[in-house]
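Input: a single structure, listed below in structure tokens.
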DNA sequence: TATAATAACAGTAACGATTATCGTTATTGT
DNA sequence: ACAATAACGATAATCGTTACTGTTATTATA
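Residue numbers (my numbering), protein chains in the order written: chain A, 13 to 142; chain B, 13 to 142.
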């Protein structure tokens, strides 16, 4: 009694996301996957993104507005550019990851999200700041 | 030539938020401020929340779905409960804040947001996990 | 203190990202 | 092959937030 059947759509979505180094929004991903499967429905994309998040195969990045998605589940941090709004990976050493102090808390801490804000290299060169 | 006039509504919103120790959503704050100013419009609330964020008087907490707001601008971290969705303060020592390593990045890093996830003390006692 | 300019308001419509519904298609165990 | 049903495409609904519009209230100046 299997719960998750294979689907060409889900495979295409996951493979597309894994092949990218950016962190696309749902719409960016939708437009990209549609080049391979033009009939792909937006509802199908969202349904699969939710399932992939729930099963831990992808990560959702939130900072107000649209969500961004990342197929890299290894621990790493992100920077969000104040100018262009894009997310970039911050390659972090294992020592740095371990350096984040886990606070004392009368509950259970399981995970964390660390997002830096600033100006990405591209925007810094191009226009200057906000 | 003044740009920001005083308004009873904005004062009430900011004072209400400052008097709370939770981190309410816009709607929670709206319902609360309406007890003092029943005529308060939702548009007015959002307009002022945006202005207060832009001027750095309050902070917006994002994790998908609704935004939460916090009138404490001193550096501190948060935990979001996987069960009830609420945000709680994590009192952090100055040493811990300094311990967060700022990564090397070919751009400009200005700020960061650190959100822990887990089960809050209340949910841990009450129901168990998700 | 009255007056004029306009920031801010209340009320409401519009927007946009996401989710839900529904009839159809495709996967999978028998 | 066949039946059961997960997943799909298409589209409607949801809901948090923003934009618009006519009115009210603040503030600088007379």
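All C-beta atoms in this analysis are idealised placements derived from N, C-alpha and C, irrespective of residue type, glycine included. Bear in mind that the values here come from a model prediction, so they are computed numbers and not experimental data.
- Under the three-state reduction of DSSP output, residue 30 of chain A falls in the helix class.
- Residue pairing by DSSP puts residue 91 of chain B in a beta bridge opposite B/100, B/128.
- The beta-carbon of residue 29 of chain A is placed no less than 8 Å from the nearest beta-carbon of chain B.
- If only uninterrupted alpha helix (DSSP H) runs of at least 4 residues are considered, those enclosed by the stretch 45-75 of chain A are 54-66.
- Assigned with DSSP and collapsed to three states, residue 37 of chain A falls in strand.
- Contact with chain A is absent for residue 81 of chain B, since none of that chain's Cβ atoms lies less than 8 Å from the residue's Cβ.
- Here the alpha carbon of residue 87 of chain A sits roughly 12 Å from the alpha carbon of residue 70 of chain A.
- Residue 46 of chain B has its alpha-carbon roughly 49 Å from the corresponding atom of residue 24 of chain A.
- Residue 124 of chain B places its beta carbon less than 8 Å from that of residue 126 of chain A.
- Counting along the chain, no alpha helix (DSSP H) covers residue 85 of chain B, and no H or E run does either.
- In its chain, beyond the 5 residues on either side, 93, 95, 96 have a beta carbon closer than 6 Å to the beta carbon of residue 135 of chain A.
- In chain order, 74 make up the part of chain A whose C-beta sits under 7 Å from the C-beta of residue 75 of chain B.
- Collapsing the DSSP output to three states places residue 114 of chain B in coil.
- CA-CA distance, residue 67 of chain B to residue 63 of chain A, rounds to 38 Å.
- In the three-state DSSP reduction, residue 120 of chain B falls in the strand class (E or B).
- One thing to note: residue 60 of chain B has its Cβ no nearer than 8 Å to the Cβ of residue 44 of chain B.
- With fewer than 16 other Cβ atoms inside 10 Å of its own Cβ, residue 55 of chain A counts as exposed.
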